[in-house]
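So the sequence shown is numbered by the UniProt record's numbering: it starts at 1 and just counts up by one. Step one of this worksheet: look at the structure below.
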Amino acid sequence: MLEKITWPQYWTAIGSVSTLYYLTISSIIFKERLLHRFASKTDSSFSGSHGNLMGAIVENETEEDSLDSEDPDTDHSSNVRTLDKTETVANLITEALSSLGTNTNPTKVVSQLSGVIHQNNLDGSLSPFREAIDWHIVQTALDSCGVTLEDSDLDNIWSASV
Numbered sequence: 001m002l003e004k005i006t007w008p009q010y011w012t013a014i015g016s017v018s019t020l021y022y023l024t025i026s027s028i029i030f031k032e033r034l035l036h037r038f039a040s041k042t043d044s045s046f047s048g049s050h051g052n053l054m055g056a057i058v059e060n061e062t063e064e065d066s067l068d069s070e071d072p073d074t075d076h077s078s079n080v081r082t083l084d085k086t087e088t089v090a091n092l093i094t095e096a097l098s099s100l101g102t103n104t105n106p107t108k109v110v111s112q113l114s115g116v117i118h119q120n121n122l123d124g125s126l127s128p129f130r131e132a133i134d135w136h137i138v139q140t141a142l143d144s145c146g147v148t149l150e151d152s153d154l155d156n157i158w159s160a161s162v
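Okay, structure coming up:
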């Protein structure tokens, strides 16, 4: 009887049996999640909770938890303004370097960017982002102008704004 089985029939049987096996094991492991999914379509008895990725039931956030997460002392709007300002400065740097063109030298790049940084860093809000801005300056100067800036050039750019 087993001699008449071909390889395609064998692999079809193996695939079917393994699929059935894994479906059975998955239904045992994720039984609660499956019950919750089917019950939520017909009954709203589970409306106060939801399942996480592993199928565990997680209660909704209480009012006290939501009050703790919204700390009035933290000013998220100032962080957003600083990030917006950093993005604006990055755009200004890109514009300034692209206007210089490829026939320029590091001295012109430093003088041009010193003005941009000085105008936008009067309050010192860009200082925490100096490494990121320096990286952007170096990359953009290399791409737009073909100029490689050294650390001393970057220090000269920032020294005018302090």
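The beta-carbon is built from N, C-alpha and C at its ideal position, and this holds for glycine as well. Here the structure is a predicted model, which means the values were calculated and not measured.
Q: Confirm, please, whether the CB-CB distance from A141 to V89 is below 8 Å.
A: no
(Q) Which complete alpha helix (DSSP H) runs does the region 112-159 hold, if anything under 4 residues is left out? (A) 130-140, 151-159
(Q) Contact defined as beta carbons within less than 8 Å: I believe V138 pairs with T104. What is the distance between those atoms, to the nearest angstrom? (A) The pair is not a contact, with the Cβ atoms about 15 Å apart (cut-off 8 Å).
(Q) Within 10 Å of its beta-carbon, does S18 have 16 or more other beta-carbons around it, so buried, or fewer, so exposed? (A) exposed
Q) How big is the Cα-Cα spacing for L20 and I28? A) 12 Å
(Q) What would DSSP say about P72, mapped onto helix, strand or coil? (A) Confidence at P72 is low in this model, with a pLDDT of 49, below 50, so the placement of that residue should be treated as unreliable; the coordinate-derived value is given next. It is coil, neither helix nor strand.
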